[in-house]
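Q: From first to last, the protein sequence lines stand for chains F and Z. Count the first sequence with the numbering used here and you get residues 1 to 288, in order. Count the second sequence with the numbering used here and you get residues 289 to 501, in order. Backbone N, C-alpha and C define an ideal beta-carbon position, used for all residues, glycine too. It should be emphasised that the depicted structure is a prediction, and the values quoted were computed from it without experimental measurement. Quick one: the structure is below, questions incoming.
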Amino acid sequence: MKFIERLTTIDRRIIYIILVIVVVIPLISRSPERVRVMLPVEKLYNAVDTIPKDKVLIIDFEYAPQDMPELEPMGFALLRHAFEKRIKVLALCLFVQPLGLAQKALTQVTEEFNSVAQSNADSIIYGRDYVFLGWQPPPLIPIIGMGTSITNVYPSDYYGNKTDTLPLMKHIKNYNDVALLVSLCAGSIPRSWIAYAQNRFGVAVAAGVTAVSAADFYQYYQTGQFTGLMTGMKGAAEYEELVETRLGIKKSRKASEALPSLTYGHLVMIAFIIIGNVGYFMQRRRRK
Amino acid sequence: MNISPDPWVWIAALLSLAIFSFLYKENPFYRIAEHLFIGVANGYAVTFYWHNILMPTLFDPLFRQGKLLYIIPFIIGILYFTRFIPRISWLVRIPIGITIGYYVGVSVPATTQAFIIKQIQGTVLTSTNFQAWNAGSWGIVWSVIVFIGVLCSLSYFYFSKEHKGVLGVTSRIGIVFVMIGFGAAFGYTVMARISLLIGRLQFLLGDWLGIIQ
Chain F
1 MKFIERLTTI
11 DRRIIYIILV
21 IVVVIPLISR
31 SPERVRVMLP
41 VEKLYNAVDT
51 IPKDKVLIID
61 FEYAPQDMPE
71 LEPMGFALLR
81 HAFEKRIKVL
91 ALCLFVQPLG
101 LAQKALTQVT
111 EEFNSVAQSN
121 ADSIIYGRDY
131 VFLGWQPPPL
141 IPIIGMGTSI
151 TNVYPSDYYG
161 NKTDTLPLMK
171 HIKNYNDVAL
181 LVSLCAGSIP
191 RSWIAYAQNR
201 FGVAVAAGVT
211 AVSAADFYQY
221 YQTGQFTGLM
231 TGMKGAAEYE
241 ELVETRLGIK
251 KSRKASEALP
261 SLTYGHLVMI
271 AFIIIGNVGY
281 FMQRRRRK
Chain Z
289 MNISPDPWVW
299 IAALLSLAIF
309 SFLYKENPFY
319 RIAEHLFIGV
329 ANGYAVTFYW
339 HNILMPTLFD
349 PLFRQGKLLY
359 IIPFIIGILY
369 FTRFIPRISW
379 LVRIPIGITI
389 GYYVGVSVPA
399 TTQAFIIKQI
409 QGTVLTSTNF
419 QAWNAGSWGI
429 VWSVIVFIGV
439 LCSLSYFYFS
449 KEHKGVLGVT
459 SRIGIVFVMI
469 GFGAAFGYTV
479 MARISLLIGR
489 LQFLLGDWLG
499 IIQ
């Protein structure tokens, strides 16, 4: 009976150590895991892939450092996809914290492309291929204001350039010129894009969200309010898989590399939940 | 092993370890890291607001360019600080009233349309439901399950009548759907938390220690 009692009183630090070991081993041994792409991610990929030349993709970077493991790989994969297909991108943030991380993603992916570019036409040029609009509070103002004029809401970009002087912005006036808006967010901002941008101006919205909020967002995909949906590290890995297999871009895939650790971490959690419950029910039966 | 020579990577790594040390027990390293994080985050936000919002959109136009109309938002904003003066603290209601009035006016029609009307449409039994999932002929089956789930879950939260008879049965079915929802949310939460651990370990083992590429 001592064994059963021990099952329900395992020191939490032992659980942490086991979890860390289980997560670290697959990261070091780099055991590959097949990524099966689910429909919501595939639909998002197809929506980005079919953006016409005269329209833009807006990426709303809303992840802070605590959301990076799940949302940053989504941002990288989306940018690689867009730049590879020469889709024009507008990047923006509705809060302060994500600004640095958005700039990091844009700079890093631009460098990846420019390091192998043969000519000016092959390169990704700021102002021509993408613009980083920066941040304009409070969130509701840019969401609604961009329906009338994007350059009015963002008179200058993140780097201080006047937006109406940038080549890309000469053809982009408002949501009529936006094919798709993807919000990478750990909070409720994708809902605001639906309520104020889609509802009023008809812009197509998709989202990349953290796993913890995934259950709150699937209903918007089911009703068609989201064109596509990526959820958590698994969603990011699925998009990475599509970018690699369909576009042949072989770059670092942080989310895909982490999937085995995620799987084993889950199995350990399931095992502990079962152990805890078995211990509890056996103890209860003994008391009776 | 290829340890990073970058001092910023070292600072980030040591602060990560300081925060992780809380898993063993509360200690001074954890507290230093926690206070540092709060201080840096607030300092960053305040300076960013000052240089990127207050200066270019209010103080510069008002005081340097002489655009006198900006005096109106300036005064409304200043009224927030009246709550520190008890005698005129009631004035704080003016900016709060304007803010609430604006947001309620903007959000009520938009959220009703987007979150109530559209979601009710998503529950109505039609052949187009579950098109997003390419459900095909199974779409109607899933639609019926969602339809029953929504009605029964709503009946569970109907507290004006005792849960007996038909209401007792539907509310009991409703609680099953609610529990399945909680289970899904908990599963996703576990996934999210393990993802965060993986992210930090990728940084410590990769960017800092160079054990993984």
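Checking contacts by CB at 8 Å: is Z/SER483 closer than that to chain F?
A: Counted from its first residue, the second sequence places residue 483 of chain Z at position 195. Closer than 8 Å to some Cβ of chain F, the Cβ of Z/SER483 qualifies, so yes.
Q: In the DSSP assignment, find the beta strand (DSSP E) that holds Z/TRP298 and state where it starts and stops.
A: If you number the second sequence from 1, residue 298 of chain Z lands on position 10. Here Z/TRP298 belongs to no beta strand (DSSP E); instead the alpha helix (DSSP H) covers 295–308.
Q: Let me know the beta strand (DSSP E) ranges lying completely inside the stretch 348–389 of chain Z, each 3 residues or longer, listed in chain order.
A: Runs of the beta strand (DSSP E) inside the stretch 348–389 of chain Z: none found.
Q: Cβ closer than 7 Å: which chain Z residues qualify as neighbours of F/THR223?
A: Residue mapping note: residue 223 of chain F aligns to position 223 of the first sequence, counting from 1. Going along chain Z in sequence order, the residues near F/THR223 (Cβ under 7 Å) are LYS406, GLN407, GLN409, GLY410.
Q: Going residue by residue through the stretch 71–122 of chain F, where are the continuous alpha helix (DSSP H) segments of at least 4 residues, counting only ones entirely within it?
A: Whole alpha helix (DSSP H) segments, 4+ residues: 99–114.
Q: Counting only Cβ pairs nearer than 7 Å, list the residues of chain Z close to F/PRO137.
A: Your numbering for residue 137 of chain F matches position 137 in the first sequence. Near F/PRO137 (Cβ distances below 7 Å), the residues of chain Z are ILE341.
Q: So what's F/THR231 in DSSP terms, helix, strand or just coil?
A: Counted from its first residue, the first sequence places residue 231 of chain F at position 231. Strand.
Q: Just checking: is the beta-carbon of Z/MET479 within a distance shorter than 8 Å of some beta-carbon in chain F?
A: By 1-based counting over the second sequence, the position of residue 479 of chain Z is 191. Chain F contact via Cβ: present.
Q: List the residues of chain F whose Cβ lies closer than 7 Å to the Cβ of Z/ILE463, in chain order.
A: On the second sequence, residue 463 of chain Z is found 175 positions in, with the first residue counted as 1. Ordered by position in chain F, no residue passes the 7 Å Cβ test against Z/ILE463, which lies about 17 Å from the chain.
Q: Would you tell me roughly how many angstroms separate the C-alpha atoms of F/SER31 and F/LEU259, rounded to the nearest one?
A: In the first sequence, residue 31 of chain F corresponds to position 31, counting from 1. In the first sequence, residue 259 of chain F corresponds to position 259, counting from 1. If I take the Cα positions, the gap works out to 9 Å.
Q: From the DSSP output, in three-state form, read off F/VAL203 for me.
A: Taking the first sequence and counting its residues from 1, the one referred to as residue 203 of chain F is at position 203. Coil.
Q: So is Z/VAL380 in contact with chain F if we call contact Cβ pairs under 8 Å?
A: Here the question's residue 380 of chain Z lines up with position 92 in the second sequence. By this cut-off, Z/VAL380 is not an interface position.
Q: From which residue to which residue does the alpha helix (DSSP H) around Z/LEU342 run?
A: For this step, residue 342 of chain Z is matched to residue 54 along the second sequence. From DSSP, Z/LEU342 is part of no alpha helix (DSSP H); its letter is neither H nor E.
Q: Does the Cβ-Cβ distance between F/GLU238 and F/MET38 come in under 8 Å?
A: Mapped onto the first sequence, residue 238 of chain F falls at position 238. Mapped onto the first sequence, residue 38 of chain F falls at position 38. Yes, Cβ-Cβ distance for F/GLU238 and F/MET38 is below 8 Å.
Q: In the DSSP assignment, the beta strand (DSSP E) including F/TYR130 goes from what residue to what residue?
A: In the first sequence, counting from the first residue as 1, residue 130 of chain F sits at position 130. Element bounds for F/TYR130: 130–135.
Q: Compare the Cα-Cα distances from F/ALA179 to each of F/LEU90, F/ARG34, F/PRO40 and report the closest residue.
A: Here residue 179 of chain F is taken as the residue at index 179 of the first sequence, counted from 1. Comparing Cα positions, the closest option is F/LEU90.
Q: Using a Cβ-Cβ cut-off of 8 Å, state whether F/VAL23 counts as contacting chain Z.
A: For the purposes of this step, residue 23 of chain F is taken as the residue at position 23 of the first sequence. Output row for F/VAL23: interface = yes.
Q: What three-state label does DSSP hand Z/ILE404 in the structure shown?
A: Working through the second sequence from its first residue, we reach residue 404 of chain Z at position 116. Helix, per DSSP.
Q: Using 8 Å as the limit for Cβ to Cβ distance, is Z/LEU489 near chain F?
A: Position 201 of the second sequence, counting from 1, holds the residue named residue 489 of chain Z. True, the Cβ-Cβ gap to chain F drops below 8 Å.
Q: F/SER115: buried (16+ other C-beta within 10 angstroms of its C-beta) or exposed?
A: Here the question's residue 115 of chain F lines up with position 115 in the first sequence. Exposed is the call here.
Q: In or out: F/HIS81 buried (at least 16 other Cβ within 10 Å) or exposed?
A: Within the first sequence, numbered from 1, the residue matching residue 81 of chain F stands at position 81. That one is buried.
Q: Measuring CB atoms only, is the stretch 220–232 of chain F touching the stretch 244–253 of chain F, in the sense that at least three cross pairs come out at less than 8 Å?
A: Taking 8 Å as the limit for Cβ pairs, the verdict is that the stretch 244–253 of chain F does not touch the stretch 220–232 of chain F.
Q: Give me whichever residues DSSP pairs with F/CYS185 in a beta bridge.
A: Taking the first sequence and counting its residues from 1, the one referred to as residue 185 of chain F is at position 185. Answer is F/GLU62, F/VAL209, bridged to F/CYS185.
Q: Could you confirm whether any beta carbon from chain Z is found closer than 8 Å to the beta carbon of F/ILE293?
A: Only positions 1 to 288 of chain F appear in the structure, and residue 293 of chain F is not among them; the question remains open.
Q: Would you kindly check if the distance between the Cβ of Z/PRO383 and the Cβ of Z/LEU367 is under 8 Å?
A: Residue 367 of chain Z sits at position 79 when you count from the first residue of the second sequence. Residue 383 of chain Z sits at position 95 when you count from the first residue of the second sequence. For Z/LEU367 and Z/PRO383, yes; Cβs fall inside 8 Å.
Q: Any Cβ of chain Z within less than 8 Å of the Cβ of F/THR50?
A: Translated into the one-based positions of the first sequence, residue 50 of chain F becomes position 50. So no, F/THR50 is outside the interface.
Q: Which residue from F/GLU5, F/TRP135, F/SER213, F/PRO40 puts its Cα closest to that of Z/HIS339?
A: Numbered from 1 along the second sequence, position 51 holds the residue referred to as residue 339 of chain Z. Considering only alpha carbons, the answer is F/TRP135.
Q: Buried or exposed for F/THR210, going by 16 or more other Cβ atoms inside 10 Å?
A: What you label residue 210 of chain F is simply residue 210 of the first sequence in a count that begins at 1. Counting Cβ neighbours within 10 Å, F/THR210 comes out buried, since at least 16 surround it.
Q: By DSSP, does F/LYS43 sit in helix, in strand, or in coil?
A: Counted from its first residue, the first sequence places residue 43 of chain F at position 43. The answer is helix: DSSP assigns F/LYS43 an H, G or I state.
Q: Could you tell me whether the Cβ of F/ILE150 comes closer than 8 Å to any Cβ of chain Z?
A: Here residue 150 of chain F refers to the residue found at position 150 of the first sequence. Not one chain Z Cβ lies under 8 Å of F/ILE150.
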